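Per my numbering, the very first residue in the sequence shown carries number 535; after that it's consecutive. Yeah, the Cβ is synthetic: ideal placement off N, Cα and C, and Gly gets one too. Quick caveat: nothing in here was measured; it's all calculated off a predicted structure. Comments concern the structure below.
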Amino acid sequence: MKKSVFSFMLLIAVSLSCFTLRVYAVPAKPTPLTVTLPDGTTLTVRLYGDESFHYYMTTDGYLLLRDDKGYFYYAAEAVDKSLKPSSYRANDIMKRTVVEKNFLASLDKQKIQQALQVEESSATRSMAPKRVARKASYPTIGEQKGLVVLVQFQDRKFTVPNPVEAFSAMLNKEGYNENGAIGSARDYFIECSSGQFIPEFDVYGPITLAHEMSYYGKKGKTGRDDNPEEMVIEACQFLDSEIDFREFDRDGDGEIDNVYLFYAGYGEASSGIEETVWPHSWDVFDGAGKKVYLDGVLLNHYACSNELSYPGNGMTGIGTFCHEFSHVLGLPDLYAVYNKSAFTPGSWSIMANGSYNNNQKTPPYYSVYERYALGWIDPIEIGGPDELVLDTISKNAGYIIKTDSEDEYFLLENRQQYKWDEYIPGHGMLIWHIDYNSAIWEQNVVNDKPAHQYVDIEEADGILSEATRDGDAFPGASGITQFTDDTAPNMRTWSGKKLNKPITDIEERDGIIYFNMNGGIPAVYPVKALPATEVHENSFVANWESNDDAVGYTIDVFTKEWGVPDSVIVDFTGSVSKIPFGWETNSSQGYGAEGFYGKAKPSLYLTIDKQYLKSPLMGDDIRGLSFWYRGLSTSKDDRIVLSLYVNDEWKEFDEITLDVEGGMIAEWKEGTEKALPKGCRAIQLQYRRSSGNVVIDDVTLYYGGEVVQHYLDGYESQDVGNTLSCLVKGVEKSFDYYYTVKAFNGEEYSKASNEIEVPILKLLGIEAVSQGDKVTVYTEGSGIIVISNLVKKVPVSILNMQGAVLVKDDAMPGKNRYSFNHKGLYIICVGGKAYKVML
């Protein structure tokens, strides 16, 4: 074989690593790829690494080298212990000849792996010194604008129809659900930041670049993409007359914060096609050394990814975009950039392989580390004796255990397989060991050293294997309930120092994590708060039990304001068996006939008496419920019964008769007469069958959401001395109040007591009908009558006994009627007075 015929590339792409600044990139797709060879045959391979360093292997672990025609050969060890191509072209396992199998059996995989590591080290050493370490300048708080440009090539145009509209929807549309998506990129970042970061992506193009795709993506002798930065230079210069680039310098430092490119066709990371561009994040000036000004601001940082998912012509998901844009925000890669043997967070993290979850449609929630790094969470410090509860990361909950170094610490989070986390490999409490080192972060090699990883999951089962990812969490698949200085893994620092802060008795119940910290006995026991007494329009008495350790107490009195609730949707798309984690049904049937499902087929098909759909126990109150339903040959005796789990017991709450034609929406919504009661934590829909069947679809629960506490003036951590009650003054009868109490032992405070609700109106016992000089309130049939003798409009509010506002109106002079379908007690606030009436 003549050497001149082949220009073998290990495809260890020294790539942008031989530029002056470190590139950030998406990792290779973790699942096997089917590559089409020049003669039309195919080969199934695995692609490892990223834009900076990547190589191919067979599915059974043989290293491959590719010639300049595009064929793959098995790698062998040369005399000088370097890598060389063998004379055998690679084939899939089932297509190999006996001779080929005998040759492979003669190879020493370990020596070839060692030679590969030498190549890796050589590539790393070839990196030129950095001129400057790039630091993220893109703002991570508030409403921010992002610039997105669509580019296509002379030989490759966009396949997706109306690409600007399509990509704008994928990036910005609330509730985006095309091709199995569960939200847009904007939805993703808003949820991961708990509403602190609200991006809006302006999409321009498509711009046709001056060259073919291979000009920008084909590998040179070093294995790198030849001219990737020229894509962004050409595109932005083309748009200079259309865009004021100063609008995209959000921090005013004289640089465009970022330009994101979507380029037509496939990306190399997911397709393995050599002449395509590998999705990455880099710098035009700090990296490529090219100085370009637009409207007086410097074009520098950019990121890019591909249009299509491989194989086929389907539009890509948001996974790679969210990964690359996370680099824009300042996060490093958490996969191993150079060292294939390093075991990293995998699909638990979007900064590792999580961008590929559900074929890039459902990237995982930002972890507690990623949120902490961007200032989106302040994890609660723990370490002293305590019994602790950890809510899910979707609630932005997390704990931190500190060491003697401010750069080294442990972070705890609760991950559950629903919504953005539906496709993570397990559930339970993840414990992260963080050891920040600025030099490591600047080189973007955070997890390359197996012996010392800097953002490391402490795998609960101690097994570093993709097959046992569900054992990474505590207690997880292996039921691990302890994490101490002496367990494996352990809580010691990288220097081996013990922290003496053991975590024990780890338990998961209904998606919530419970554990004991340092023995589980608090230094000061919490107080037990008691119900309020002597409730009046402007005051009440708060009460609590004595604490033997206390020398005094403090009280907090506050009202609550609920923000936008979280939601979970059960739509049975794909299969009835794929309902979200924690949901239950005793029906295994779906129904897909036209007109018998909601937004998409199938629906859940209930054909037997007492078949049901039941939610998990939610961590916060359920604030609303809706679902689509339709009966099949049903009568007025067929019903759907809604039961609620309230105050630790199940109760039947409402029912729907099924004697109507066509599909219907059932809804229970706060602020209406069909509001759910406070304290509802789970729901069940049960079919009570008489003669027909019923289908249910698009079941949506609204729950929780951010709660803002508004403290009563003078009652925030108010010291009340060594007493067991406190007269609280200055309350208003139109609000519900809450209070908690803490004990003080002279050195430290206890945790807050249980929370006591004081619904002023409900406890006043207002008379059923009241008549004054200005306003009269009474009932008439199914209506509440408000007669106003005032000459101007008067505000009126009508509430149910759960405190939900059903009507908020301005009553006109004269008679005003408000009709309701449900019997029961109602509270009317009008003319400065409150009335209670019974319908």
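Item checked: Neighbour-count burial assignment, Gly1045, 16 or more Cβ in a 10 Å radius -> buried
Item checked: Buried or exposed by the 16-neighbour rule on C-beta atoms within 10 Å, applied to Pro631 -> Just to set this straight, residue 631 is Thr in the shown sequence, not Pro. Thr631 should be labelled exposed.
Notebook entry, point to check: Looking at the structure shown, is Gln977 part of a helix, part of a strand, or coil, going by DSSP?
Noted result: Residue state, collapsed to three classes: helix.
Checklist line | Opposing strand residues paired with Cys726 [DSSP bridges] | finding: Its beta-bridge partners do not exist; DSSP assigns none.
Next item on the list: Measure the alpha-carbon distance for Tyr1245 versus Gly880 and round it to whole angstroms.
Entry: 43 Å
Next item on the list: Would you be able to state if there are at least three C-beta pairs under 8 Å between the region 888-896 and the region 697-708?
Entry: The answer is no - the region 888-896 does not touch the region 697-708, with fewer than three Cβ pairs under 8 Å.
Item checked: Strand pairing of Ile1089, partner residues [DSSP] -> Gln1252, Val1275
Next item on the list: Could you pull the start and end residues of the beta strand (DSSP E) that Pro1065 belongs to?
Entry: 1063-1067
Notebook entry, point to check: Mapping DSSP to helix, strand and coil, what is His1356?
Noted result: coil
Check: What residues match up with Lys1203 in a beta bridge as DSSP calls it?
Finding: Lys1203 pairs with Gly1158.
Next item on the list: Report the residue from Val766, Trp812, Ser718 whose alpha carbon sits nearest the alpha carbon of Ile1374.
Entry: Here the chain comprises residues numbered 535 to 1373, so residue 1374 is not present and cannot be evaluated.
Notebook entry, point to check: What span of residues does the alpha helix (DSSP H) with Leu863 cover, start to end?
Noted result: 853-863
Next item on the list: Give every residue of the same chain whose Cβ lies closer than 7 Å to the Cβ of Gln950, excluding the five residues on either side of it in the sequence, and list them in chain order.
Entry: Thr926, His961, Gly1045, Phe1115
Item checked: Ala667 in three-state terms, based on DSSP -> No answer about Ala667 holds up, because its pLDDT of 30 lies below 50 and its placement is not dependable.
Check: Got a sec? Which residues, its chain only, sit under 6 Å from Ile1362 by beta carbon, not counting five neighbours each side?
Finding: Val1311, Ile1332, Tyr1369
Margin query: Would the region 1237-1255 count as touching the region 1194-1208 if we require 3 or more Cβ pairs under 8 Å?
Written below: With a cut-off of 8 Å, the region 1194-1208 and the region 1237-1255 do not count as touching, because too few Cβ pairs lie within range.
Check: Per DSSP, Met1198 is paired with what?
Finding: Tyr1163
Checklist line | Separation of Thr850 from Arg905, as counted between CA atoms | finding: 25 Å
Margin query: Quick check on Gly1126: buried or exposed, where buried means 16 or more other Cβ atoms within 10 Å of its Cβ?
Written below: Gly1126 counts as exposed, since fewer than 16 other C-beta atoms from the protein chains shown sit within 10 angstroms of its C-beta.
Note to self: What residue range does the alpha helix (DSSP H) around Gly751 cover?
What the structure shows: For Gly751, the enclosing alpha helix (DSSP H) has its first and last residue at 747-751.
Next item on the list: Assuming Lys953 and Ile716 form a contact by the criterion Cβ under 8 Å, report the distance between their Cβ atoms to the nearest whole angstrom.
Entry: 7 Å
Next item on the list: Please report how far the alpha carbon of Ala1022 lies from the alpha carbon of Tyr899, in whole angstroms.
Entry: 27 Å
Notebook entry, point to check: By Cβ distance below 8 Å, which residues in the same chain neighbour Glu571 in space, the five residues on each side in sequence not counted?
Noted result: At residue 571 the sequence reads Leu, which differs from the Glu that was named. For Leu571, where only same-chain residues beyond five positions count, the Cβ hits under 8 Å are Leu577, Gly604, Tyr605, Phe606.
Next item on the list: Name the two residues that bound the continuous beta strand (DSSP E) containing Ala609.
Entry: 606-611
Notebook entry, point to check: Does DSSP put Ala1022 in a helix, a strand or coil?
Noted result: coil
Notebook entry, point to check: Under the rule that 16 or more other beta-carbon atoms within 10 Å means buried, what is Ser875, buried or exposed?
Noted result: exposed
Check: Based on the DSSP output, what are the partners of Ile732 in its beta bridges?
Finding: Glu677.
Item checked: Neighbour-count burial assignment, Asp642, 16 or more Cβ in a 10 Å radius -> exposed
Note to self: Considering just the uninterrupted stretch of the beta strand (DSSP E) at Met963, what are its terminal residues?
What the structure shows: 962-969
Next item on the list: Check the C-beta distance from Tyr1271 over to Val1229 and give it rounded, since I have them as a contact under 8 Å.
Entry: That pair is no contact at about 44 Å.
Next item on the list: Report yes if the CB atom of Asp1090 is closer than 9 Å to the CB atom of Thr1257, and no otherwise.
Entry: no
Next item on the list: Please classify Gly757: does DSSP put it in a helix, a strand, or coil?
Entry: Bear in mind that the predicted position of Gly757 carries a pLDDT of just 47, short of 50, making it unreliable; the figure below should be weighed with that in mind. Residue state, collapsed to three classes: coil.
Notebook entry, point to check: Asn1077 to Gly918, Cα distance in whole Å?
Noted result: 28 Å
Next item on the list: Taking 8 Å as the threshold, find out whether the region 776-786 comes into contact with the region 822-831 through three or more Cβ pairs.
Entry: yes
Notebook entry, point to check: Going by beta carbon distance, what residues of the same chain come within less than 6 Å of Asn792, once the five residues before and after it are set aside?
Noted result: Tyr672, His835, Val862, listed in sequence order.
Checklist line | Short Cβ contact (9 Å threshold) for Tyr516 with Asn892 | finding: Given a span of 535 to 1373 for the chain in the structure shown, any question on residue 516 remains unanswerable.
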